[in-house]
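Trainee: Numbering-wise (numbering that gives the first Met the number 0), the sequence shown opens with residue 0 and increments by one.
Glycine included, each C-beta is placed from N, C-alpha and C at the ideal position.
Just dropping this structure here.
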Amino acid sequence: MAGTRRVRYLLKRAARKTLPVKDHAPWDLVAEEWLEQDVDRLWRRHADHVNRQLVESWWPQHARRVLKTDLFDEIAGEGLATALAARSEHAAGMDISGRIVSAACRQGLDGAVADVRRLPFATASFDVVVSNSTLDHFETTNEIDRAFREIHRVLRVGGTLILTLDNPTNPVVGLRNALPMGALRWAGLVPYPIGATLRRSELKRRLRSAKFDVRATAALLHCPRVWSVWRSRTMARRSSADQTRFLANLERWEGLARWPTRFLTGHLVAACAVRR
Numbered sequence: 000m001a002g003t004r005r006v007r008y009l010l011k012r013a014a015r016k017t018l019p020v021k022d023h024a025p026w027d028l029v030a031e032e033w034l035e036q037d038v039d040r041l042w043r044r045h046a047d048h049v050n051r052q053l054v055e056s057w058w059p060q061h062a063r064r065v066l067k068t069d070l071f072d073e074i075a076g077e078g079l080a081t082a083l084a085a086r087s088e089h090a091a092g093m094d095i096s097g098r099i100v101s102a103a104c105r106q107g108l109d110g111a112v113a114d115v116r117r118l119p120f121a122t123a124s125f126d127v128v129v130s131n132s133t134l135d136h137f138e139t140t141n142e143i144d145r146a147f148r149e150i151h152r153v154l155r156v157g158g159t160l161i162l163t164l165d166n167p168t169n170p171v172v173g174l175r176n177a178l179p180m181g182a183l184r185w186a187g188l189v190p191y192p193i194g195a196t197l198r199r200s201e202l203k204r205r206l207r208s209a210k211f212d213v214r215a216t217a218a219l220l221h222c223p224r225v226w227s228v229w230r231s232r233t234m235a236r237r238s239s240a241d242q243t244r245f246l247a248n249l250e251r252w253e254g255l256a257r258w259p260t261r262f263l264t265g266h267l268v269a270a271c272a273v274r275r
């Protein structure tokens with residue numbers, strides 16, 4: 000219980016810190032637009048389900064304290080907070096956007112406004128860090144390295160990092176990342192900033208350089224994303240039975256995770272790494 004109180008104290012202290020406007024302002028705008036429009040809830044149900052399956056498959060045997068490195072999933076859908084809380088004594092969340100943190104905290108989460116590149120937590124504060132598609136919004140891969148070093152610091156020795164990033168080996172992701180952000184927002188394809196990311200081989204190399212042992216890698220979200228997001232918006236107006244069938248069809252695409260071509264079809268690359 001002392002450890003849990005310490006984490007809550009650190010979260011409250013972190014929430015009082017102000018981040019540079021250039022860092023959090025775009026995400027404040029994304030939060031306002033998302034909360035106002037309340038779109039893509041059906042698609043988010045599928046994405047949350049796939050992310051939960053990944054976390055469950057890699058969850059360590061003993062995990063008392065867990066940190067999630069952003070809370071966008073928790074305002075866009077169910078997210079992972081409930082699943083993480085069920086598997087730990089204390090689940091904490093953070094986000095660079097104060098508006099996202101405020102919205103997530105209204106759901107009963109402990110949250111702090113913080114930047115994963117400079118975490119306001121003591122060394123060895125957590126047993127698990129879950130970072131799903133957080134680090135692929137920076138401008139450079141050097142910033143991803145900074146985040147790896149900070150995550151390493153706040154994890155205890157033997158602690159587990161469960162990480163996903165945009166997969167640049169997927170041709171659709173590669174094309175999307177090459178397009179101007181304004182065009183992507185205008186087309187309604189990507190409502191948030193995108194940034195640098197890593198191929199699986201480079202991800203493994205950089206994690207090892209940050210003093211992690213990489214235990215496993217995977218690829219996930221194999222359905223054709225542009226079509227699936229568009230179709231989910233149409234299905235959101237259909238009956239619950241139709242929606243259930245649609246989600247089951249999306250789930251079948253995840254069978255491609257067992258194919259040799261999985262790192263070409265998956266929209267996300269994932270890694271499970273342990274702090275040395």
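Which term fits ALA90, buried or exposed, when burial requires 16 or more other beta carbons within 10 angstroms of its beta carbon?
Mentor: Classification for ALA90: buried.
Trainee: Buried or exposed for ALA215, please, with buried defined as at least 16 other CB atoms from any protein chain shown within 10 angstroms of its CB.
Mentor: Flag for ALA215 reads exposed.
Trainee: What are the partner residues of MET93, as DSSP defines its beta bridges?
Mentor: Looking at the DSSP assignment, MET93 forms a beta bridge with ALA111.
Trainee: So, helix, strand or coil for SER200, using DSSP?
Mentor: Helix, per DSSP.
Trainee: Does the separation of the CB atoms of VAL127 and ALA62 fall below 8 angstroms?
Mentor: Result yes, Cβ atoms of VAL127 and ALA62 sit closer than 8 angstroms.
Trainee: Use the C-beta contact count for GLY157: other C-beta atoms within 10 angstroms, 16 or more gives buried, fewer gives exposed.
Mentor: Exposed, because fewer than 16 other Cβ atoms sit within 10 Å of the Cβ of GLY157.
Trainee: I need the boundaries of the beta strand (DSSP E) containing ASP126, first residue and last residue.
Mentor: That run of the beta strand (DSSP E) goes 125-131.
Trainee: Between THR139 and the rest of its own chain, which residues show a CB-CB distance below 7 angstroms, the 5 nearest in sequence each way excluded?
Mentor: Around THR139: ALA195.
Trainee: For the alpha helix (DSSP H) that contains THR233, what are its first and last residues?
Mentor: Looking at the DSSP string, the run of the alpha helix (DSSP H) that includes THR233 is 224-234.
Trainee: Quick one: Cα of ARG51 to Cα of LEU249, how far?
Mentor: Spanning the two alpha carbons is a distance of roughly 15 angstroms.
Trainee: On the three-pair Cβ rule with 8 angstroms, is the stretch 27-37 touching the stretch 210-227?
Mentor: Flag = no, the stretch 27-37 and the stretch 210-227 do not touch.
Trainee: Would DSSP call VAL153 helix, strand or coil?
Mentor: VAL153: helix per DSSP, three-state reduction.
Trainee: Is THR168 near ARG198, with beta carbons less than 8 angstroms apart?
Mentor: Contact flag set, yes.
Trainee: Rounding to the nearest angstrom, what Cα-Cα distance links SER130 and TRP258 in this structure?
Mentor: Each residue's alpha carbon lies about 25 angstroms from the other.
Trainee: Where are the alpha helix (DSSP H) runs, 4 residues long or more, that stay fully inside the stretch 26-73, in chain order?
Mentor: Counting whole runs of 4 or more residues, the stretch 26-73 contains the alpha helix (DSSP H) stretches 40-57.
Trainee: Using CA coordinates, which residue listed in ARG205, THR68, CYS271, VAL112 is at the minimum distance from ALA217?
Mentor: For ALA217, the nearest C-alpha among the options comes from CYS271.
Trainee: Looking at ALA146 and LEU164, is the spacing between their C-beta atoms short of 8 angstroms?
Mentor: Contact: no.
Trainee: Would HIS151 and ALA209 be called neighbours here (beta carbons separated by less than 8 angstroms)?
Mentor: Closer than 8 angstroms, so yes.
Trainee: Enumerate in chain order the residues of its own chain whose CB-to-CB distance from VAL172 is below 7 angstroms, with the five nearest sequence positions on each side excluded.
Mentor: Within the same chain, VAL172 has close Cβ partners ASP165, ASN166, HIS266.
Trainee: Measuring alpha carbon to alpha carbon, tell me which of GLY92, ALA102, HIS45, ILE99 ends up nearest PRO119.
Mentor: The candidate whose alpha carbon is nearest that of PRO119 is GLY92.
Trainee: Considering only their Cβ atoms, is the gap separating ALA269 from LEU83 smaller than 8 angstroms?
Mentor: In this structure, ALA269 does not lie closer than 8 angstroms to LEU83 by Cβ.
Trainee: Please report the Cβ distance between ALA30 and ILE99, rounded to the nearest whole angstrom; I am assuming they are in contact, meaning their Cβ atoms lie under 8 angstroms.
Mentor: Sure, about 5 angstroms apart at Cβ, within 8 angstroms.
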